[in-house]
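*Asks:*
Chains as they are written, first to last, in the working numbering: chain A, 1 to 227; chain B, 1 to 516.
1. Are there three or more Cβ pairs, one per stretch, closer than 8 Å when the segment 228-247 of chain B is compared with the segment 172-183 of chain A?
2. If you drop the 5 nearest sequence neighbours on each side, which residues of the same chain put their C-beta closer than 7 Å to that of residue 222 (chain A)?
3. Could you work out which residues of chain B lie near residue 71 (chain A), taking near to mean beta carbons separated by less than 7 Å?
4. Residues of chain A with a CB under 9 Å from the CB of residue 143 (chain B): which are they?
5. Taking residue 232 (chain B) as the query, report the chain A residues whose CB atoms sit under 9 Å from its CB, ordered along the chain.
6. Tell me the start and end of each unbroken alpha helix (DSSP H) in the segment 30-96 of chain A that is at least 4 residues and wholly inside, in chain order.
7. Please identify, using Cβ separations under 7 Å, the residues of the segment 68-81 of chain B that lie next to chain A, in order along the chain.
8. How should residue 158 (chain B) be labelled, buried or exposed, when 16 other C-beta atoms within 10 angstroms of its C-beta is the threshold for buried?
9. Just by C-beta distance, which residues in the segment 22-36 of chain A are closer than 8 Å to chain B?
10. Thinking C-beta only, is residue 147 (chain A) closer than 8 Å to residue 93 (chain A)?
11. Classify residue 31 (chain A): buried if its beta carbon has 16 or more other beta carbons within 10 angstroms, exposed otherwise.
12. Of the residues B:400, B:137, B:167, B:431, which one's Cα is nearest the Cα of residue 211 (chain B)?
13. Could you tell me which residues DSSP pairs with residue 394 (chain B) in its beta bridges?
14. What separation, rounded to the nearest whole angstrom, lies between the Cα atoms of residue 160 (chain A) and residue 133 (chain A)?
15. Give me the subset of the segment 138-151 of chain A whose CB atoms are less than 7 Å from a CB atom of chain B, sorted by chain position.
16. Report yes if the C-beta distance between residue 398 (chain B) and residue 427 (chain B) is below 8 Å; otherwise report no.
17. Within its chain, find whatever has a CB closer than 7 Å to the CB of residue 96 (chain B); leave out the 5 residues flanking it on each side and keep chain order.
18. Contact criterion: CB-CB distance below 8 Å. Does residue 153 (chain B) meet it with respect to chain A?
19. Within the same chain, show all residues whose beta-carbon is closer than 7 Å to that of residue 472 (chain B), passing over the 5 residues directly before and after it, in chain order.
20. For the putative contact between residue 100 (chain B) and residue 74 (chain B), defined by C-beta atoms under 8 Å, what is the C-beta separation to the nearest angstrom?
21. Where does residue 87 (chain B) sit, in a helix, a strand or coil, going by DSSP?
22. Out of B:474, B:165, B:140, state which residue places its alpha-carbon closest to the alpha-carbon of residue 117 (chain A).
23. Taking C-alpha atoms, which residue in B:85, B:117, B:328 lies nearest to residue 69 (chain B)?
24. Please name the residue in A:170, A:144, A:119 whose C-alpha comes closest to that of residue 109 (chain A).
25. Listed from N- to C-terminal order along the chain, which residues in the segment 228-256 of chain B have their beta-carbon within a distance smaller than 9 Å of any beta-carbon of chain A?
26. Would the segment 14-30 of chain B and the segment 20-36 of chain A be scored as touching if the rule is three or more Cβ pairs under 8 Å?
27. Could I get the ranges of all uninterrupted alpha helix (DSSP H) runs contained in the segment 79-165 of chain B, with 4 residues as the minimum, in chain order?
28. In chain order, what residues of the same chain lie with their CB nearer than 7 Å to the CB of residue 412 (chain B), ignoring the 5 residues before and after it?
29. Does residue 9 (chain B) come out as helix, strand or coil in the three-state DSSP assignment?
30. Helix or strand or just coil, what does DSSP make of residue 406 (chain B)?
31. Where does residue 230 (chain B) land, buried or exposed, given buried means 16+ other C-beta within 10 angstroms?
32. Listing by chain order, which chain B residues have their CB less than 7 Å from the CB of residue 119 (chain A)?
33. Any Cβ of chain B within less than 8 Å of the Cβ of residue 158 (chain A)?
34. So with CB distances below 8 Å, who are the chain A contacts of residue 7 (chain B)?
35. Take residue 18 (chain A) and list the residues in its own chain whose beta-carbon comes closer than 7 Å to its own, dropping the five residues that flank it on each side.
36. Less than 6 Å between C-beta atoms, sequence neighbours within five positions excluded: which residues of the same chain meet that for residue 10 (chain A)?
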């Protein structure tokens, strides 16, 4: 078993979802961004309400309290589990099975920030994320939630221009995927490396003058292009 | 290095995922990683602490921080080998240390490259690839094209994580320190007035906390940088595709039974404009010189007294510090709050309570004496209470009460067998065996068990020979009971002959009882 950060969830429809939990570094950075935003808004509230004297300061305190406690809940429920900081880092909060986070779970995980914050600045939270397999802090463990990386559609849309050519052997699904990936990554690989990679497929490219181009043609054929 | 030996999943990842993979890598291998790293850190920290003159002890943490590239190299040595399923011993890491010191660009890393913010990302090029000069520059340029910003943020993130560890440790002590000395110390840290003599132990505490932070966070930092590097290489050289194509080629070769093709070595021909990051360290030491003033001649006593008074009135001698501590509540205050009750009533209540307490104590002693046996039985070592097993009387239609059996089981069975009643003979033997199992050996057999279950249950507690006997007997019994097939005489003879052997523990127990 090769090491990876991902874990798999099987849906009732029989689809295996590969989920990738986010670790302490992206989460810390996302939290720092959120902290900056909250600090900015708090400052603004105080400055604006300070003109109203002690009543204004009282109001400001209440508003800041609400901001501190319900900022993450609000955003997690309103925008697919992403606070602005998480959006920046492309991570989101979800249940362990990747279903959208429920209000109860969001409230639980954010109220338990107090515990994660202990003894100071998320010491326990850090220990918990470093020790748990899915990088969960204590609030996550209690609410059964996890912070996941949003997968990016990086290459899937890239066109393959080569003219289709059928392969002379039957190929398994992972092999077909590797061939298509190879063709899609044409722009990011040097020509020499492409030829070298193509040589690894041995008899698939035997006696071809340009093995890499041949593999791209097969990939094009696999994607269902017509000649 | 063979890609096929890599024990991480090679696939296309985002840079953040690569960083997380580094964290997972440490989670996986921390047991092997920690001993050499801990030893090295401890040795260096001890040296620093003992060598530095006392006035410079506050910067001991800074010195260890400065030496981080050295620890990084040891960690990367361990990690890079674990990545290919080798498990280097701590001793291997230490014998590799001279090479790590002299051949991995440690000098520049400790001097003008020390403040580089992508230290762990670039380290594999220095240490594992061993590139120098122009190739190094070109490689760095390629690596920095993507992933540089992530490497920077990784460093920033890990700095924060270190702070979290240090601050949390302080906070933990603050929580459990009612004297307020820790709080004073922290305030002093920020004010900058560190009293060398009295604060030796506190400085040691600072130093220890910082070492702990390095100990915990640095492996994650190095591993995350390493994985970022691996991820970039995977992007550049399509390692994931290489692995898939190798598998594909192998399969096709197996299919065609043709010779394997030769594998040319890896070539990387990407050359881009170089832009790399380095900066010079800038830190200066601030020391304060002290002069001692001596008056040239003695003053007359009155003048001296006024001078002393004036000096004593200075702020330096009237320095008031606020210290929060826990003290017992003021006694007078409690008396004042109780002033409504007269002295006599209080005395009465007090003596009443006192006598009640004494009575309770005496009663407790008496009760303890009365129930001493019950109490002592609680002190006896706790024994797991097992439910007494009541042996079933009938198992799959067989009567297995001991009193239903004749005294000489083997003899009776032999007679039955010779009279042609094979079924009865085997039944008797099998019932005899069940009686021994349920009554003498206290096997937890209940009515739901089948013959096979009983055989399984008996296996762990029975000696091999007796188990074989029981197995043969069960098999013969099942054959005759359910398949109505009589056993051959040579099959049943060893059973009849071996019965006493099988029964032996029971007889031994009986004779032991008789002797007692």
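By construction, the Cβ of each residue, glycine as well, lies at the ideal position given by its N, Cα and C atoms.
*Replies:* In this structure, then:
1. Taking 8 Å as the limit for Cβ pairs, the verdict is that the segment 172-183 of chain A does touch the segment 228-247 of chain B.
2. Along the first chain, read from residue 1 onward, the residue named residue 222 (chain A) stands at position 222. For residue 222 (chain A), where only same-chain residues beyond five positions count, the Cβ hits under 7 Å are 176, 179, 180.
3. As a position in the first chain, residue 71 (chain A) is number 71, starting the count at 1. By Cβ distance, chain B contributes nothing, its closest Cβ being about 20 Å from residue 71 (chain A), past 7 Å.
4. Along the second chain, read from residue 1 onward, the residue named residue 143 (chain B) stands at position 143. Neighbours of residue 143 (chain B) on chain A: none; closest Cβ ~14 Å, over 9 Å.
5. The residue given as residue 232 (chain B) occupies position 232 in the second chain. Within chain A, no residue comes near residue 232 (chain B); the closest Cβ sits about 11 Å away, beyond 9 Å.
6. Along the length of the segment 30-96 of chain A, whole alpha helix (DSSP H) runs at least 4 residues long occupy 53-78, 84-89, reported in chain order.
7. none
8. As a position in the second chain, residue 158 (chain B) is number 158, starting the count at 1. Buried.
9. 22, 23, 24, 25, 26, 28, 29, 32
10. Counting from one through the first chain, the residue named residue 93 (chain A) turns up at place 93. Counting from one through the first chain, the residue named residue 147 (chain A) turns up at place 147. In contact: residue 93 (chain A) and residue 147 (chain A) (Cβ atoms closer than 8 Å).
11. Residue 31 (chain A) sits at position 31 when you count from the first residue of the first chain. So residue 31 (chain A) counts as buried.
12. Walking along the second chain from the start, residue 211 (chain B) turns up at place 211. Closest by alpha carbon: B:167.
13. Position 394 of the second chain holds residue 394 (chain B). BP columns for residue 394 (chain B) point to B:399.
14. As a first step, residue 160 (chain A) must be located in the first chain, where it is residue number 160. As a first step, residue 133 (chain A) must be located in the first chain, where it is residue number 133. Spanning the alpha carbons of residue 160 (chain A) and residue 133 (chain A) requires a straight line of approximately 39 Å.
15. 149
16. Numbered from its first residue, the second chain carries residue 398 (chain B) at position 398. Numbered from its first residue, the second chain carries residue 427 (chain B) at position 427. Closer than 8 Å, so yes.
17. As a first step, residue 96 (chain B) is located in the second chain; it is residue number 96 there, counting from the start. Here the set comprises 77.
18. As a position in the second chain, residue 153 (chain B) is number 153, starting the count at 1. True, the Cβ-Cβ gap to chain A drops below 8 Å.
19. For the purposes of this step, residue 472 (chain B) is taken as the residue at position 472 of the second chain. Cβ neighbours of residue 472 (chain B) beyond the five flanking positions: 495.
20. For this step, residue 100 (chain B) is matched to residue 100 along the second chain. For this step, residue 74 (chain B) is matched to residue 74 along the second chain. Yes, they are in contact, since the Cβ atoms of residue 100 (chain B) and residue 74 (chain B) sit about 6 Å apart, within 8 Å.
21. As a first step, residue 87 (chain B) must be located in the second chain, where it is residue number 87. It is coil, neither helix nor strand.
22. Within the first chain, the letter at position 117 stands for residue 117 (chain A). It is B:165 whose Cα lies nearest to the Cα of residue 117 (chain A).
23. On the second chain, residue 69 (chain B) is found 69 positions in, with the first residue counted as 1. In terms of CA proximity to residue 69 (chain B), B:117 leads the group B:85, B:117, B:328.
24. As a working mapping, residue 109 (chain A) is identified with position 109 in the first chain. Cα-wise, what sits closest to residue 109 (chain A) is A:144.
25. 235, 236, 237, 238, 240, 241, 242, 243, 244, 245, 246, 247, 248, 249, 250, 251, 252, 253, 255, 256
26. yes
27. Listed in chain order, they are 90-95, 97-102, 106-110, 119-124, 133-145.
28. Along the second chain, one-based indexing puts residue 412 (chain B) at 412. Correct list, in chain order: 406, 428.
29. Taking the second chain and counting its residues from 1, one reaches residue 9 (chain B) at position 9. Looking at residue 9 (chain B) - three-state DSSP - the assignment turns out to be coil, as it is neither helix nor strand.
30. On the second chain, residue 406 (chain B) is found 406 positions in, with the first residue counted as 1. The answer is coil: DSSP assigns residue 406 (chain B) none of H, G, I, E or B.
31. The sequence position of residue 230 (chain B) within the second chain is 230, counting from 1. The residue in question, residue 230 (chain B), is buried, as its Cβ has 16 or more Cβ neighbours within 10 Å.
32. Taking the first chain and counting its residues from 1, the one referred to as residue 119 (chain A) is at position 119. What residue 119 (chain A) touches in chain B: 168, 171, 172, 175.
33. The residue given as residue 158 (chain A) occupies position 158 in the first chain. Not one chain B Cβ lies under 8 Å of residue 158 (chain A).
34. Position 7 of the second chain, counted from the start, is the residue given in the question as residue 7 (chain B). Taking the beta carbon of residue 7 (chain B) as reference, the chain A residues within 8 Å of it are 2, 3, listed in sequence order.
35. Start at 1 with the first residue of the first chain, and residue 18 (chain A) comes out as number 18. Excluding residues within five positions, the ones whose Cβ falls inside 7 Å are 6, 8.
36. Within the first chain, the letter at position 10 stands for residue 10 (chain A). Non-local C-beta neighbours of residue 10 (chain A) in its own chain, meaning closer than 6 Å and more than five positions away in sequence, comprise 16, ordered along the chain.
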